[in-house]
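Per mature numbering (1 follows the signal peptide of the UniProt record, and there is no 0): the sequence shown = residues -24 to -1, 1 to 297. The next block holds one structure in the form of structure tokens; read it before the comments.
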Amino acid sequence: MKFTKTASWTLICAAGMVANAAQAGFPDRPLTIVVPTAPGGGNDAMARILAKTMGTDLGQAVVVENKPGANGAIASSYVARAKPDGYTILFGYIATHAINPAIRKVSYDPVGDFAPIGEVATSPTLLVVNDTLPVKTVPELIAYSKQAGAHLNYASAGTGTAPHAAGELFKLATGAVMQDVPYKGSAPAMMDTISGVTQVMFPSLFTGAPQIKSGRVRGLAVVGEKRSPLFSSLPTLKELGVDVSVDEWYALFAPARTPPAVVARLNKALSDALHDPEVARKFSDQGATVQGGTPQALSHLVKTDLAKWKKVVAATHMSVD
């Protein structure tokens, strides 16, 4: 069968009209937010808060699906290879798009395989210990870790996560003696820190704040640039002379080649959700600060942080081992 130039152009125009019509009707079925960590952690909690509010805005149910493992690589790869139609979204964070790809080879390109939707929130990292550990300050923790028979373990949300990076940087900066024990997310890592299976953790403020408030763990410091209003008595590590700071960020990503109109619609739903006073309050109550912003701003953040963490890994020889 032969096609004339006119017929070919007609087909191209028709295909474009169908695509535009499909985008104009987006969404017309439920969406899924894929969370790279286990249920119950800070990432999962934020995603579920967003899912409810965004679902109302979009007029469709937004389901949260947890795909923990490989420090977010399983979920990230899954979304990177999903159909680029806006119905499968990744709840990414600093580990999936900056720290983990800087430490080891992953099966996805954190820049090229995703269409950024928008930043969700930020949260500083904390240094907490099991409440039975006989230390109440950072200097005491460092000294205790070096005692014969101390055998301290710190729980991380997985190799290459912010809790793991913060722990390794802390060890390098202080000479503290601790062994990393990786988990499939912050929730199980925190549970074992509470129970005493592990003794130290560097969780996000979002994950750690409820446990400090309940007295289940003891907060020693903020591993961020400034103190947290939630725990104003906790010093930053930098105030204590330890030059380590790891602030976490969270964001939504669609697969690369998702139509710009669909990305724009998702960004609007996200922005509207983050401007909801109730959403902002829920985030703030647990130590996260809503951010928002354009897809372009998130793209710049990813590229900047990825470059920064590559330099950190090269300088510190941080590895998956």
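Beta carbons are placed, not taken as given, at the ideal position from N, Cα and C, and that holds for glycine.
Report all residues from its chain with a CB closer than 7 Å to the CB of residue i; omit the five preceding and five following residues, and keep chain order.
| i | result |
| --- | --- |
| leucine 109 | Gln175 |
| proline 164 | Ala14 |
| glutamate 215 | none |
| tryptophan 285 | Ala74, Ile75, Ala78 |
| valine 111 | Val105, Leu117, Tyr120 |
| residue 309 | What is shown of the chain runs -24 to 297, which leaves residue 309 out entirely. |
Output the boundary residues of the beta strand (DSSP E) element that contains residue i.
| i | result |
| --- | --- |
| threonine 8 | 7 to 11 |
| serine 99 | 90 to 106 |
| methionine 294 | Element bounds for methionine 294: n/a, residue is neither H nor E. |
| asparagine 129 | 128 to 132 |
| alanine 197 | 193 to 199 |
| valine 157 | 154 to 158 |
Leaving out five residues on either side along the sequence, give the residues of the same chain with a beta carbon under 6 Å from the beta carbon of residue i.
| i | result |
| --- | --- |
| threonine 292 | Leu148 |
| threonine 64 | Thr8, Val55, Ala58 |
| alanine 142 | Thr101, Phe178, Val199, Val222 |
| glutamate 144 | Met294 |
| leucine 213 | Ala197, Val199, Val220 |
| alanine 185 | Leu206, Gln262, Gly263 |
| arginine 194 | Val105, Asp107 |
| methionine 30 | Val38, Ala245, Ala249 |
| glycine 68 | Ala227, Phe229 |
| aspartate 168 | Ala131, Thr174 |
| alanine -4 | Note that alanine -4 scores 39 on pLDDT, short of 50, meaning its location in the model is unreliable and no value can be drawn from it. |
Which one or two residues does DSSP pair with residue i in a beta bridge?
| i | result |
| --- | --- |
| valine 38 | Leu7 |
| tyrosine 226 | Tyr69, Ala97 |
| serine 180 | Thr101 |
| glutamine 265 | Sequence check: residue 265 is threonine here, not glutamine. In DSSP, threonine 265 forms a bridge with Thr98. |
| threonine 280 | Partner(s): none; threonine 280 has no beta bridge. |
| proline 231 | Phe90 |
| phenylalanine 207 | Ser204 |
| threonine 64 | Thr8 |
Enumerate in chain order the residues of its own chain whose CB-to-CB distance from residue i is below 8 Å, with the five nearest sequence positions on each side excluded.
| i | result |
| --- | --- |
| threonine 280 | none |
| valine 288 | Ala78, Ala141, Leu145, Met294 |
| isoleucine 118 | Thr150, Gly151, Ala152 |
| leucine 277 | Glu95, Trp225, Ala227 |
| glutamate 41 | Thr8, Ile9, Val10, Val11 |
| arginine 192 | Asp107, Ile170 |
| alanine 126 | Tyr120, Val153 |
| lysine 122 | Gly151, Ala152, Val153 |
| lysine 43 | Val10, Val11, Pro12, Ile50, Ala51, Tyr54 |
| arginine 5 | Gln36, Tyr63 |
| leucine 282 | His73, Ala74, Pro77, Ala78, Pro86, Val87 |
Looking at the unbroken alpha helix (DSSP H) that takes in residue i, where does it start and where does it end?
| i | result |
| --- | --- |
| glycine 143 | 138 to 150 |
| leucine 216 | It is not in any alpha helix (DSSP H) - leucine 216 carries neither H nor E in the DSSP assignment. |
| aspartate 255 | In the sequence as displayed, the identity of residue 255 is valine instead of aspartate. That run of the alpha helix (DSSP H) goes 253 to 261. |
| residue 298 | Absent from the structure is residue 298, since the part of the chain shown begins at -24 and ends at 297. |
| serine 247 | 236 to 250 |
| threonine 169 | 162 to 171 |
| asparagine 76 | 76 to 79 |
| valine 55 | 49 to 56 |
Just checking my contact of residue i with residue j at CB under 8 Å: how many whole Å lie between their CB atoms?
| i | j | result |
| --- | --- | --- |
| alanine 230 | glycine 18 | No, alanine 230 and glycine 18 are not in contact; Cβ-Cβ is about 22 Å, not under 8 Å. |
| phenylalanine 2 | valine 238 | 5 Å |
| threonine 234 | alanine 97 | Actually they are not in contact, since the Cβ atoms of threonine 234 and alanine 97 sit about 22 Å apart, beyond 8 Å. |
| serine 162 | alanine 133 | 4 Å |
| asparagine 47 | threonine 183 | Rounded, the Cβ-Cβ distance is 15 Å, inconsistent with contact. |
| leucine 128 | valine 114 | About 13 Å separates the two Cβ atoms, so there is no contact after all. |
contact_flag[the stretch 191 to 201, the stretch 23 to 35] where n(CB pairs < 8 Å) is 3 or more = no
Segment contact flag, the stretch 86 to 96 with the stretch 268 to 287, C-beta cutoff 8 Å, min 3 pairs | yes
Would you call the stretch 205 to 224 and the stretch 244 to 259 in contact, with 3 or more CB pairs under 8 Å?
-> no
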